[in-house]
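Protein chains in written order, with the UniProt record's numbering: chain A, 1 to 391; chain B, 1 to 391; chain C, 1 to 391. No residue lacks a Cβ here, since even glycine has one placed at the ideal position from N, Cα and C. What you are looking at is a predicted structure, and each value in this text was computed from that prediction instead of being measured.
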Amino acid sequence: MPGGELHDVFDGIEAQVPEGLAEHLRTAALIDHHVHGTFSEDIDRSTFEFSINEGSNDPVPPWMTNFDSPLGLSIRRWCAPLLGLPARADAEDYWKRRCEFGADELATTMVRAAGVTHWIVDTGFKGDQITTHQRLAELAAGHSSEIVRLERVAEDLLDGGTSPEDYPAAMRAALASAAADPTVVGTKTIVAYRTGFDIDWTRPADADVVDRARALAARPGSARIDDPVLISFGVHEAAAHGLPIQVHVGFGDRDLDLHRCDPLLLLPLLRAMPPVPVLLLHCYPFHRQAGYLAQAFDHVNFDVGLSINYLGTRSSGLVAEALEVAPFAKQLYSSDAFGPPELHVLGSVLWRRAMGVVLGDWIRSGDCAEADAIRIVDMIGAANAQRVYGI
Amino acid sequence: MPGGELHDVFDGIEAQVPEGLAEHLRTAALIDHHVHGTFSEDIDRSTFEFSINEGSNDPVPPWMTNFDSPLGLSIRRWCAPLLGLPARADAEDYWKRRCEFGADELATTMVRAAGVTHWIVDTGFKGDQITTHQRLAELAAGHSSEIVRLERVAEDLLDGGTSPEDYPAAMRAALASAAADPTVVGTKTIVAYRTGFDIDWTRPADADVVDRARALAARPGSARIDDPVLISFGVHEAAAHGLPIQVHVGFGDRDLDLHRCDPLLLLPLLRAMPPVPVLLLHCYPFHRQAGYLAQAFDHVNFDVGLSINYLGTRSSGLVAEALEVAPFAKQLYSSDAFGPPELHVLGSVLWRRAMGVVLGDWIRSGDCAEADAIRIVDMIGAANAQRVYGI
Amino acid sequence: MPGGELHDVFDGIEAQVPEGLAEHLRTAALIDHHVHGTFSEDIDRSTFEFSINEGSNDPVPPWMTNFDSPLGLSIRRWCAPLLGLPARADAEDYWKRRCEFGADELATTMVRAAGVTHWIVDTGFKGDQITTHQRLAELAAGHSSEIVRLERVAEDLLDGGTSPEDYPAAMRAALASAAADPTVVGTKTIVAYRTGFDIDWTRPADADVVDRARALAARPGSARIDDPVLISFGVHEAAAHGLPIQVHVGFGDRDLDLHRCDPLLLLPLLRAMPPVPVLLLHCYPFHRQAGYLAQAFDHVNFDVGLSINYLGTRSSGLVAEALEVAPFAKQLYSSDAFGPPELHVLGSVLWRRAMGVVLGDWIRSGDCAEADAIRIVDMIGAANAQRVYGI
Chain A
1 MPGGELHDVF DGIEAQVPEG LAEHLRTAAL IDHHVHGTFS EDIDRSTFEF
51 SINEGSNDPV PPWMTNFDSP LGLSIRRWCA PLLGLPARAD AEDYWKRRCE
101 FGADELATTM VRAAGVTHWI VDTGFKGDQI TTHQRLAELA AGHSSEIVRL
151 ERVAEDLLDG GTSPEDYPAA MRAALASAAA DPTVVGTKTI VAYRTGFDID
201 WTRPADADVV DRARALAARP GSARIDDPVL ISFGVHEAAA HGLPIQVHVG
251 FGDRDLDLHR CDPLLLLPLL RAMPPVPVLL LHCYPFHRQA GYLAQAFDHV
301 NFDVGLSINY LGTRSSGLVA EALEVAPFAK QLYSSDAFGP PELHVLGSVL
351 WRRAMGVVLG DWIRSGDCAE ADAIRIVDMI GAANAQRVYG I
Chain B
1 MPGGELHDVF DGIEAQVPEG LAEHLRTAAL IDHHVHGTFS EDIDRSTFEF
51 SINEGSNDPV PPWMTNFDSP LGLSIRRWCA PLLGLPARAD AEDYWKRRCE
101 FGADELATTM VRAAGVTHWI VDTGFKGDQI TTHQRLAELA AGHSSEIVRL
151 ERVAEDLLDG GTSPEDYPAA MRAALASAAA DPTVVGTKTI VAYRTGFDID
201 WTRPADADVV DRARALAARP GSARIDDPVL ISFGVHEAAA HGLPIQVHVG
251 FGDRDLDLHR CDPLLLLPLL RAMPPVPVLL LHCYPFHRQA GYLAQAFDHV
301 NFDVGLSINY LGTRSSGLVA EALEVAPFAK QLYSSDAFGP PELHVLGSVL
351 WRRAMGVVLG DWIRSGDCAE ADAIRIVDMI GAANAQRVYG I
Chain C
1 MPGGELHDVF DGIEAQVPEG LAEHLRTAAL IDHHVHGTFS EDIDRSTFEF
51 SINEGSNDPV PPWMTNFDSP LGLSIRRWCA PLLGLPARAD AEDYWKRRCE
101 FGADELATTM VRAAGVTHWI VDTGFKGDQI TTHQRLAELA AGHSSEIVRL
151 ERVAEDLLDG GTSPEDYPAA MRAALASAAA DPTVVGTKTI VAYRTGFDID
201 WTRPADADVV DRARALAARP GSARIDDPVL ISFGVHEAAA HGLPIQVHVG
251 FGDRDLDLHR CDPLLLLPLL RAMPPVPVLL LHCYPFHRQA GYLAQAFDHV
301 NFDVGLSINY LGTRSSGLVA EALEVAPFAK QLYSSDAFGP PELHVLGSVL
351 WRRAMGVVLG DWIRSGDCAE ADAIRIVDMI GAANAQRVYG I
């Protein structure tokens, strides 16, 4: 199936982005420091609609389509040409054309256009539906590393027969093994989805952990780590093993209590923990709070991934707000793409475009030199991730 | 008294709004889905000043005037020409000229300039000072529907002699009657002003409702529904009767605890209730949170009415932020005007202008087609309200 | 050491700011209503880096420099020419050149370029490292007044031997004396750093104050007012003496719990206190909430000082958001500069520039007249401070 080409990411706004910066942003090699695989099988329209709405857990109602959203507009604008259609093709035309591509062909076409050379992949969620990190790297002709989910590691141990008494040692052994694995560059916690951030972040004693594991084991069904002590234990142990810790913050599906995922509620943890890198992910609508924390703590970093995709053309405003108080050494690029490979390429296109708009404005108004802007792009696009994850 | 004409809503920013979109926005017929009447009598300066400050409950102090605010500037800019004065006439000239008009003449001049064909009117507040919904429709040469306030319905029942024991059934009968009345298209709760959103949203048992009604009846004076169980009962019963529910969210006068009106605190209700349409009103400064909820729940919709008027020229930024994550099918237009008819026309002028600025930018940068922008205008301006309220 | 000249504050954005407004903003005499002294001695690089990061309490790590931040870019852009360097000089060149100046010479060069005629100085913090308010006025060739910190006054009394029993009367005497001192124009509370705003704001009885003072006196070491009753006592007494009260709100170092410094949490105090002027300082990222309170309460005013410096070129967006709902009579200018005199001049430069951008846009789009914009500048830049502090 013949695909097409990505349009110039500064199409329509050429006058806003000074040429040297534009040229650099068009080709800069990115590290996507938080991403998932692409769908490994063909999907139907209903799955696609579901996959371009972050918040909902329902099928899209008959009286609307998620193409009628900022993300939907961006898919039509940027991904249609990749499938050989005109930019801003109708939703129906887009969907029809998309169905002519197989899952792998689609993934290859899209992810290669992202200009990402290294994908740091969170492998802890719905792994059966999406490609492995190795396969993503293959499709993208790039490199990959792995992020292990702390709650998933814990659940696998308990479901695998580890006794409550053995659990603390087994968790430590698993993290030591992760720390020794050159493929694994960090961990992630989804405490946002399990308890919210307003829990007691004191490092728990092993005896308390065993008690909680015992209570969990007494519940029917497979293990689900939703006990604050067990979550806190995982985070503190990851830190003790020197592993970077990604934290889902803010914007996510409606299972979480968004107001309990304000990153400021992590202050007790951030103050008390060893200074391993903490990566606040997504953060919308608390991205200003995240930037504040990244300024206040040497070990705290953040991104506005996921939100960039969902805000579509409005992501320029978000990227501008993310460049308010944090030092440039403390912000990273990510797409948080999961499933449709449109998300893998859009994250990159929209970020490059937004950085061009925002930094272009800074240059044109004389507030920074073009060389400064290019350096900021390189820090956020790759260098900070290299430092944080040691890659 | 000869009035004047509304200036072109894109005056001064013609180059920012592509002509097809501009032409459409100039004439698109709007549904104002949340509005109140206009003052039925002439008012004095002090009442006018008070009426153009949403937050305060005091007379304006002698050392200032509310004309010196974003809303004041917008009144001088857009309403002065409607009174036959030059745009940006002085505050004193504006006031002097305004006094030459009678209340009806003023209302006719202003509300007809709004380009609103259907007014959905909240009739539950200070009904003696403002026009009825029928009279507003007459002044505007348009149509109207009614929104009944749940707390007002409840208070009227109790003040009218309904016994606590009969109250649950009486409330159900009143809501059944509202649901059957073709004039009534929905309900509204002002829980924001009574308890804040952080209450127990479990659907209460009738016995509990009777107990609380009894406690209320034992208090001297007329009934004031400020008991969380009674409020929750009203909301759940409205939902059970299939009635759309408007919720005052965020920006309002200082009687409310603004931080307890963050719409995220409604999550327990939104998750548990039957999926009748919920309309989050105003929402500033929590409009990003409201947009998130509108994405996450099929039955949740929102607007940024009221705030648009108060932000004046800055409403373009607000409208832009309101177009961040919610699908376009989930946002509605409203003015929330109450009292001075300036607010009825300004809501419309500022919204049209802001949509022109924001969507015009999207078109000029290639991020959407002009036809898409026009469709978005029609969805938010009228079609979504038609779907939600069945009009 | 020959310095240089401040570049035109509208350099690079001349076309955005109508000439009459630009000319006025270039020369308008400001009152900096919340500021501290400049460093009285030469400082090393590490102290400088530390002093241009508000949130952190650590030395800057070796892998980064705070020059790589919005504030750092603004220092290079605006302060380099004041030292005779080209705009946007390299960080290393800037530092090298800066070291050739003595502390006084540096201070004189910088603070005189701010165009501030009156400095209202908070003298309650690290007074040994920075100039007194009189010395700042001398260096700046301007005037100064003093703000006394309530917690500092209280601690000085207790450390000076005042008994718990005598403490209420002694505090009242100290405040009466402050109120009678023509140099002192107001007070400040740092409740943000001691308890957060979510405390009981009921005016405490003297007996309770004595009890708490007794408990405090029983603790070893010098007094630290972190008891909510003692803090509330100080605030209520300041109000009873008719003294304006500045409140640190939002953005500050990581010792505070930022989410507990949301100004909305002050509602119980604002509703109950006598209406002496309250000045909400800094406010980021809660500046919209602060603007709301300034609209809702006649006695509440606010600024976005401190944040303007830290946001650098992005401060235009912040200033725009600060001009959303509050009447123009309720906002003030401040820099909150402390230490490096770069902060004293930058606060002024960035505010003038941001006001030019925002109000220039309002004028160009016809939303206000140039004379209105100039009046808004004068209100926020000086007149409101004159009214509030009686100077």
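Curious, which full-length alpha helix (DSSP H) runs of at least 4 residues does the region 55 to 135 of chain C contain? Along the length of the region 55 to 135 of chain C, whole alpha helix (DSSP H) runs at least 4 residues long occupy 70 to 74, 91 to 98 and 103 to 112, reported in chain order.
Closer than 7 angstroms between beta carbons: that is the criterion. Which residues of the region 278 to 292 of chain A meet it against chain B? Residues are counted here when their Cβ sits less than 7 angstroms from a Cβ of chain B; for the region 278 to 292 of chain A these are P285, given in chain order.
Any beta carbon from chain B within less than 8 angstroms of R314 of chain A's own beta carbon? By 1-based counting over the first sequence, the position of residue 314 of chain A is 314. So, interface residue.
Collapsed DSSP secondary structure at S316 of chain A in the structure displayed: Reading the first sequence from its first residue, position 316 is the one you call residue 316 of chain A. Per DSSP, reduced to three states, the secondary structure at S316 of chain A is helical.
Write down every uninterrupted run of the alpha helix (DSSP H) in the region 286 to 354 of chain A whose length is 4 residues or greater and which is fully enclosed by it, in chain order. 287 to 296, 307 to 311 and 315 to 322, all fully within the region 286 to 354 of chain A.
From the DSSP output, in three-state form, read off L45 of chain A for me. For the purposes of this step, residue 45 of chain A is taken as the residue at position 45 of the first sequence. The residue asked about is misnamed: residue 45 of chain A is Arg in this sequence, not Leu. Looking at R45 of chain A - three-state DSSP - the assignment turns out to be helix.
Please classify V191 of chain A: does DSSP put it in a helix, a strand, or coil? Position 191 of the first sequence, counting from 1, holds the residue named residue 191 of chain A. In this structure, V191 of chain A counts as helix in the three-state DSSP scheme.
Note down the Cα distance separating A385 of chain B from G381 of chain A, rounded to an integer number of angstroms. The count along the second sequence starts at 1 and reaches residue 385 of chain B at position 385. The count along the first sequence starts at 1 and reaches residue 381 of chain A at position 381. Rounded to the nearest angstrom, the two C-alpha atoms are 43 angstroms apart.
Along the chain, where does the beta strand (DSSP E) containing H33 of chain A start, and where does it finish? Position 33 of the first sequence, counting from 1, holds the residue named residue 33 of chain A. Following the DSSP letters along the chain, one finds H33 of chain A inside the beta strand (DSSP E) bounded by residues L30 to V35.
Rounded to a whole number of angstroms, what is the C-alpha to C-alpha distance between G4 of chain A and D93 of chain A? For the purposes of this step, residue 4 of chain A is taken as the residue at position 4 of the first sequence. For the purposes of this step, residue 93 of chain A is taken as the residue at position 93 of the first sequence. Cα-Cα distance, rounded: 15 angstroms.
If contacts are defined as beta-carbon pairs under 8 angstroms, then F39 of chain A and P340 of chain A qualify, I think. What distance do you get, rounded to the angstrom? As a working note, residue 39 of chain A is residue 39 in the first sequence. As a working note, residue 340 of chain A is residue 340 in the first sequence. About 7 angstroms; that satisfies the 8 angstroms criterion.
What are the residues of the region 325 to 356 of chain A that lie near chain C, defined by any Cβ-Cβ distance shorter than 9 angstroms? Listed by position, the residues of the region 325 to 356 of chain A near chain C (Cβ gap below 9 angstroms) are V325, A326, P327, F328, A329 and K330.
Use the C-beta contact count for E14 of chain B: other C-beta atoms within 10 angstroms, 16 or more gives buried, fewer gives exposed. Counting from 1 along the second sequence, the entry for residue 14 of chain B is found at position 14. By the 10 Å Cβ count, E14 of chain B comes out exposed.
State yes or no: is the C-beta of Y310 of chain A within less than 8 angstroms of the C-beta of D255 of chain A? Position 310 of the first sequence, counted from the first residue, corresponds to residue 310 of chain A. Position 255 of the first sequence, counted from the first residue, corresponds to residue 255 of chain A. Cβ atoms of Y310 of chain A and D255 of chain A: not closer than 8 angstroms.
Count the other CB atoms, across all protein chains shown, that sit within 10 Å of the CB of G221 of chain A; report buried if there are 16 or more and exposed otherwise. Taking the first residue of the first sequence as position 1, residue 221 of chain A is located at position 221. Counting Cβ neighbours within 10 Å, G221 of chain A comes out exposed, since fewer than 16 surround it.
Under 8 angstroms between C-beta atoms of G84 of chain A and G366 of chain B: To locate residue 84 of chain A, count along the first sequence from 1; it is residue 84. To locate residue 366 of chain B, count along the second sequence from 1; it is residue 366. No; because the gap between Cβ atoms is not below 8 angstroms, this pair is not in contact.
Proximal chain C residues relative to F251 of chain B, where beta-carbon distance stays under 8 angstroms: Translated into positions along the second sequence, residue 251 of chain B becomes position 251. Contacts between F251 of chain B and chain C, judged by CB atoms closer than 8 angstroms, involve Y292 and V325 in chain order.
Mapping the DSSP letters down to three states, classify E165 of chain B as helix, strand or coil. By one-based count along the second sequence, residue 165 of chain B stands at place 165. In the structure shown, E165 of chain B sits in coil (DSSP, three-state: anything other than H, G, I, E or B).
Taking its Cβ as the centre, do 16 or more other Cβ atoms sit within 10 Å of R214 of chain B, making it buried, or is it exposed? The sequence position of residue 214 of chain B within the second sequence is 214, counting from 1. Burial call: exposed.
Quick one, which of A:T195, A:L150, A:M64 and A:M355 has its alpha-carbon nearest Q246 of chain A's? Start at 1 with the first residue of the first sequence, and residue 246 of chain A comes out as number 246. That would be A:L150, whose Cα lies nearest to the Cα of Q246 of chain A.
Inter-residue CB distance, G347 of chain C and G305 of chain C (contact presumed, cutoff 8 angstroms): Residue numbering aside, residue 347 of chain C sits at position 347 when the third sequence is read from its first letter. Residue numbering aside, residue 305 of chain C sits at position 305 when the third sequence is read from its first letter. Confirmed, about 6 angstroms.
Hey, is the region 223 to 242 of chain C in contact with the region 189 to 205 of chain C, meaning 3+ C-beta pairs nearer than 8 angstroms? Under the three-pair Cβ rule at 8 angstroms, the region 223 to 242 of chain C counts as touching the region 189 to 205 of chain C.
Using 10 angstroms around the beta-carbon of M288 of chain B, count the other beta-carbons present and answer buried if the total reaches 16, otherwise exposed. The sequence position of residue 288 of chain B within the second sequence is 288, counting from 1. Residue identity differs from the one stated: residue 288 of chain B is Arg in this sequence, not Met. In summary, R288 of chain B is buried, with 16 or more beta-carbon neighbours lying within 10 Å of its beta-carbon over all protein chains present.
Kindly identify the DSSP beta-bridge partner or partners of I245 of chain B. Here residue 245 of chain B corresponds to residue number 245 of the second sequence, with the count starting at 1. Bridge partners of I245 of chain B: B:T187 and B:V278.
Suppose contacts are defined by Cβ-Cβ distances below 8 angstroms. Is L243 of chain B in contact with L175 of chain B by that definition? The sequence position of residue 243 of chain B within the second sequence is 243, counting from 1. The sequence position of residue 175 of chain B within the second sequence is 175, counting from 1. In contact: L243 of chain B and L175 of chain B (Cβ atoms closer than 8 angstroms).
Following the continuous alpha helix (DSSP H) through S232 of chain B, name the residue where it begins and the one where it ends. Sequence index remark: in the second sequence, residue 232 of chain B carries index 232 (1-based). P228 to A240 is the extent of the alpha helix (DSSP H) around S232 of chain B.
Assigned exposure category for N57 of chain A - 16 Cβ within 10 Å defines buried: Looking up residue 57 of chain A in the first sequence gives position 57. N57 of chain A should be labelled exposed.
Identify whether R172 of chain B lies in helix, strand or coil by the three-state DSSP scheme. The count along the second sequence starts at 1 and reaches residue 172 of chain B at position 172. Helix.
Residues of chain A with a CB under 9 angstroms from the CB of Y94 of chain C: which are they? One-based indexing of the third sequence puts residue 94 of chain C at position 94. Taking a Cβ-Cβ cut-off of 9 angstroms, Y94 of chain C has no neighbours in chain A, whose nearest Cβ is about 13 angstroms from it.
Name, going along the chain, the residues of the region 368 to 387 of chain A whose beta-carbon falls closer than 7 angstroms to a beta-carbon of chain C. Correct list: C368, A369, D372 and R387.
Apart from the five residues on each side of it in sequence, which residues of its chain come closer than 6 angstroms, Cβ to Cβ, to F286 of chain B? Counting from 1 along the second sequence, the entry for residue 286 of chain B is found at position 286. Within the same chain, and ignoring the five residues on either side of F286 of chain B in sequence, the residues whose Cβ sits closer than 6 angstroms to its Cβ are G250, D262 and P263.
Other residues of its chain near V60 of chain A: CB distance less than 8 angstroms, five sequence neighbours each side excluded: Here residue 60 of chain A corresponds to residue number 60 of the first sequence, with the count starting at 1. Taken in chain order, the residues that qualify are S46, E49, F50, N53 and N66.
Return the chain-ordered list of same chain residues with a C-beta closer than 8 angstroms to the C-beta of D257 of chain B, the five sequence neighbours on each side being excluded. Locating residue 257 of chain B in the second sequence gives position 257, where the first residue counts as 1. Taken in chain order, the residues that qualify are G196.
Closest residue to S74 of chain B among B:R88, B:P182 and B:M64 (Cα-Cα distance): Numbered from its first residue, the second sequence carries residue 74 of chain B at position 74. Looking at B:R88, B:P182 and B:M64, the one whose alpha-carbon comes closest to that of S74 of chain B is B:R88.
On the CB-based measure, 16 or more other CB atoms within 10 Å of its CB, does D122 of chain A come out buried or exposed? Taking the first sequence and counting its residues from 1, one reaches residue 122 of chain A at position 122. Under this definition D122 of chain A is a buried residue.
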